[in-house]
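Below is one structure, written out as structure tokens; the observations come after it.
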Ligand code: DX5
Ligand code: ZN
């Protein structure tokens, strides 16, 4: 059965203290650290790249769940693998031509491949990537427009999560954007098991309590 993976989005952390922010999230019970890589081209924002992942990797051996909001994900495979990335999730919208090569390169580099969909992208577009013999191992359903933390959860996206869970009972299904105590029930019921949460965790007085609550909603 699929189990909960709770992944605080480090985009909501204090980037100037990334190592200690990561360390306290792990101490608070996080499974993964979600790293949002943006190129100010695929999305209208710019964040971090391989050099910062490499610096962080020197301080923590946590699973780094990298979410590539970039136009040319292929260019990031080698640098991120060298830097210590664990998961590499690219967007289907920019990989229509080369997803086979991309998945192959991600796996050869020792990372776990995932595919993400923007809110406006039909979920059927990822089915071939999951059904291929050399498949992705996670699908990330965006529940906000990618680019920024702190936006409102799009409940309509739960149709995609339900469709994925029905078709692929043991697939890791991740949701990202607007997740917190008031939205987790909808996501968990629909079948999501990997939960990214930025502002709800970092904005809480007791982040550990939020992490615990998110996990309980998924695992029961
Ligand atoms: C948005 C990023 C998210 C974001 C989530 O483009 O992919 O990971 O940091 O932040 P919250 O949980 O605040 O919506
Ligand atoms: Zn993300």
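Residue numbers (UniProt numbering): 2 to 221. Using N, Cα and C, we set each Cβ at its ideal position, and we do this for glycine too.
Whole-angstrom C-beta distance between residue j and residue i, which should lie under 8 angstroms
| i | j | result |
| --- | --- | --- |
| residue 197 | residue 8 | 5 angstroms |
| residue 38 | residue 67 | 6 angstroms |
| residue 48 | residue 12 | 6 angstroms |
Continuous beta strand (DSSP E) stretch holding residue i: start and end
| i | result |
| --- | --- |
| residue 176 | 173–177 |
| residue 159 | Residue 159 -> not in any beta strand (DSSP E); alpha helix (DSSP H) instead, spanning 159–168. |
| residue 190 | That residue, residue 190, is in no beta strand (DSSP E); its alpha helix (DSSP H) goes 185–191. |
| residue 69 | 64–70 |
| residue 114 | 113–118 |
Cβ-heavy atom distance, residue i to the ligand ZN, below 8 angstroms
| i | result |
| --- | --- |
| residue 9 | no |
| residue 74 | no |
| residue 37 | yes |
| residue 93 | no |
| residue 177 | yes |
Sub-9 angstroms separation of residue i and residue j beta-carbons
| i | j | result |
| --- | --- | --- |
| residue 118 | residue 94 | yes |
| residue 193 | residue 174 | yes |
| residue 111 | residue 82 | yes |
| residue 298 | residue 43 | The requested residue 298 does not occur in the structure, where the chain is confined to residues 2 to 221. |
| residue 141 | residue 104 | no |
| residue 34 | residue 17 | no |
| residue 172 | residue 138 | yes |
| residue 145 | residue 178 | yes |
| residue 148 | residue 199 | no |
| residue 56 | residue 86 | no |
| residue 30 | residue 217 | no |
Near the ligand DX5: residue i beta-carbon under 8 angstroms from a heavy atom
| i | result |
| --- | --- |
| residue 31 | no |
| residue 12 | yes |
| residue 70 | yes |
Continuous alpha helix (DSSP H) stretch holding residue i: start and end
| i | result |
| --- | --- |
| residue 95 | Segment: none, residue 95 is in no alpha helix (DSSP H) and carries neither H nor E. |
| residue 78 | 78–84 |
Quick one: complete beta strand (DSSP E) runs, 3+ long, within the stretch 5–59? 6–9 and 33–39
What alpha helix (DSSP H) runs, 4 residues minimum, are completely inside the stretch 120–150? 128–132
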